[in-house]
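Read in order, the letters of the sequence shown are residues -5 to 203 in this note's numbering. Ideal placement from N, C-alpha and C gives every residue a C-beta, glycine not left out. The structure appears below as structure tokens.
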Amino acid sequence: MHAGLAHEFDLISPRAAYCIHLGDLIDRGPESLRALGLARQGIPGATNCTLIGNHEDRLLQLLRTPDARMMDRWLAHGGTEFFEELGVDPRDGWEDRVSELLGRDTIEWLHSLPLKLRLGELLFVHAGIDVEVPIDRQTAETLAWIREPWLSSQGPYEDGLAIIHGHTPIADVVLSNQHRINLDTGACETGVLSALLIHGGRMKLFQTG
């Protein structure tokens, strides 16, 4: 998929091209480090932006302030695979070892990831928004973690924005909803990873699997 998108970007003006990752690059699979590396590398010629997902957020929280309960939740929701890939015991002084294996540059990059990106009438976020709160007052927890009541909302949203998000897996990507598009097709379980090319008012869906 990465190569396919790079080819598509070659067909349009590089100065107008953005490559946006919606977060959750780690956990639930065997190649978290490779996923991080691809996101950091980006696509040549494009303006690359990776949004922080709740899984990256949880990693940073635990590196900052270790907490046994939070660790249990992380391990139950994909963190086990992350530690297995690194060959680190999550119960035995893991913070220094994980920091060493990830490297200072990667950790600083993770800390720098934005929660949202607005491009004209498009708003890119990881999880969604609180429809009762103005966009510029959304909390980090909301943007990275929200499910309901966001998932039950139908729009329209503030300023007529179309929200592009992930976080909650769906069976099929629906492009006909002018107010929002969910691109999370649960790749860790289904093998289907989705990306959306938006250019000149047209959309093209890419999927693996």
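Contact under 8 Å by Cβ, residue i with residue j
{"i": "A29", "j": "I20", "result": "yes"}
{"i": "E102", "j": "R22", "result": "no"}
{"i": "G149", "j": "H173", "result": "yes"}
{"i": "H15", "j": "L54", "result": "no"}
{"i": "Q201", "j": "L191", "result": "no"}
{"i": "I164", "j": "D178", "result": "yes"}
{"i": "I123", "j": "L137", "result": "yes"}
Cβ of residue i within 8 Å of any chain C Cβ
{"i": "Q35", "result": "Here chain C cannot be found, since the structure has a single protein chain."}
Cut-off 6 Å between Cβ atoms - residues of its own chain near residue i, not counting five sequence neighbours on either side
{"i": "R52", "result": "W68"}
{"i": "E94", "result": "none"}
Buried or exposed by the 16-neighbour rule on C-beta atoms within 10 Å, applied to residue i
{"i": "A62", "result": "exposed"}
{"i": "H120", "result": "buried"}
{"i": "G160", "result": "buried"}
{"i": "D18", "result": "buried"}
{"i": "N176", "result": "buried"}
{"i": "P128", "result": "exposed"}
Residues bridged to residue i [DSSP beta-bridge criterion]
{"i": "H71", "result": "H71 pairs with nothing; no bridge assigned."}
{"i": "M65", "result": "None; M65 has no bridge partner."}
{"i": "I157", "result": "L117 and R174"}
Beta-carbon contacts of residue i that lie in its chain and below 8 Å, excluding the five residues immediately before and after
{"i": "L56", "result": "M64, M65, W68 and E89"}
{"i": "E25", "result": "E79"}
heavy atom of the ligand NAD below 7 Å from residue i C-beta
{"i": "Q201", "result": "The ligand NAD is not part of the structure shown, which contains no ligands of any sort."}
Contacting residues, own chain, Cβ-Cβ under 7 Å from residue i (five flanking each side not counted)
{"i": "E115", "result": "G154, L155 and A156"}
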